[in-house]
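According to my numbering, the sequence shown holds residues 97 to 328 in order.
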Amino acid sequence: MSIAVNIEKINQEIEPLGITLVAISKTKPVEDILEAYNAGQRVFGENMVQELTDKYEQLPKDIQWHLVGHLQTNKVKYIAPFISMIESVDSIKLLKEINKHAIKHNRVIDCLLQVYIAEESTKFGLDHIELVELLRDEEFLTLDNIRIRGLMGIATNTENEKEVKEEFYELKMLFDGIKASFFRKVDTFDTLSMGMSSDYKLAIENGSTMIRLGSTVFGKRIIKHFKTDQNQ
Ligand SMILES: *Cc1c(COP(=O)(O)O)cnc(C)c1O
97 MSIAVNIEKI NQEIEPLGIT LVAISKTKPV EDILEAYNAG QRVFGENMVQ
147 ELTDKYEQLP KDIQWHLVGH LQTNKVKYIA PFISMIESVD SIKLLKEINK
197 HAIKHNRVID CLLQVYIAEE STKFGLDHIE LVELLRDEEF LTLDNIRIRG
247 LMGIATNTEN EKEVKEEFYE LKMLFDGIKA SFFRKVDTFD TLSMGMSSDY
297 KLAIENGSTM IRLGSTVFGK RIIKHFKTDQ NQ
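Here it is as structure tokens:
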């Protein structure tokens, strides 16, 4: 099937549910991204800063780029001018750096806090306690140029549906709890990014509002990224 057909099919399925598709284009050439773009797709995700900035420069400027991979503080400056959402925020230190560069560019940058839900110990993200600590940090309240839009999580890569379902359910409960406790007065804490090609149906059943699909859109990746797929 073609990329355009894939895009149309997925969007037909999720648009009525108010779910956003982030087309994860890592390792894929700009031609493939343009094919998806011409089929109407505007939100794309990458996990490497260098690859993201290269593609940003070559592609139409109305694309909304999401970073979904681990971000080092010293690389924030490269994406701050244009990034639409950073889905992989996992520390107050990183948030402060994003805020600093957002101020420089006179922008407010949308962020998701990445929560660790998988069994594998290699995955990045905050655990529940770290998440609450971050939100209670006095400095957090002073960061006016970042906007926390919600949470992101990556489930365990397993055939065991029950386990994946439990992880998504847990993240949804956490999302609702955090929203009620910390974001009651704002209506912009509205995004729960969970679900990849292998598990997005389960994610949707459990309350996802944003799915991140790579191979379902673009076909299998031939180039394998290092283990966690987000090591940089
Ligand atoms: C690669 C990646 C995806 C997409 O993976 P697929 O299995 O190809 O859909 C989603 N989220 C993150 C964080 C990724 O690194």
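The beta carbon of each residue, even a glycine, is placed where N, CA and C say it ideally should be.
Considering only the beta carbon of each residue, do L239 and L298 sit closer than 8 Å? As a first step, residue 239 must be located in the sequence shown, where it is residue number 143. As a first step, residue 298 must be located in the sequence shown, where it is residue number 202. No.
Bridge partners for E142 per DSSP, in chain order? Against the sequence shown, residue 142 aligns to sequence position 46. DSSP lists L163 as partners of E142.
With 16 other Cβ atoms within 10 Å as the buried cut-off, status of Q108: Taking the first residue of the sequence shown as 1, we reach residue 108 at position 12. Looking at its Cβ environment, which holds fewer than 16 other Cβ atoms inside 10 Å, Q108 is exposed.
Apart from the five residues on each side of it in sequence, which residues of its chain come closer than 6 Å, Cβ to Cβ, to N327? As a working mapping, residue 327 is identified with position 231 in the sequence shown. Below a pLDDT of 50, predicted positions are generally treated as unreliable, and N327, at 42, falls in that range; no measurement from the model is reported.
Within 10 Å of its beta-carbon, does G273 have 16 or more other beta-carbons around it, so buried, or fewer, so exposed? The count along the sequence shown starts at 1 and reaches residue 273 at position 177. By the neighbour-count rule (16 or more Cβ atoms within 10 Å), G273 is not buried but exposed.
DSSP three-state assignment for A214, whether helix, strand or coil: For this step, residue 214 is matched to residue 118 along the sequence shown. Correct three-state label for A214: coil.
Beta-carbon proximity list for L222, same chain, < 7 Å, skipping 5 on both sides: The residue given as residue 222 occupies position 126 in the sequence shown. Result list for L222: D186, L209, Q210, V211, Y212, L230, in chain order.
For R317, name the three-state secondary structure that DSSP assigns. Indexing the sequence shown from 1 puts residue 317 at position 221. Residue state, collapsed to three classes: coil.
Taking 8 Å as the limit between beta carbons, can you name the residues of its chain near R243, skipping five residues before and five after? Stepping through the sequence shown from its first residue, residue 243 is reached at position 147. Closer than 8 Å at Cβ, skipping near neighbours: V204, I205, D206, C207, T284.
If you draw a straight line from the alpha carbon of I115 to that of G141, how long is it in whole angstroms? Taking the sequence shown and counting its residues from 1, the one referred to as residue 115 is at position 19. Taking the sequence shown and counting its residues from 1, the one referred to as residue 141 is at position 45. Each residue's alpha carbon lies about 15 Å from the other.
I need the boundaries of the beta strand (DSSP E) containing R243, first residue and last residue. Stepping through the sequence shown from its first residue, residue 243 is reached at position 147. Residues 242 to 250.
If you follow the alpha helix (DSSP H) that I73 is in, where does it begin and where does it stop? Lying outside 97 to 328, the shown extent of the chain, residue 73 is not represented and no answer is given.
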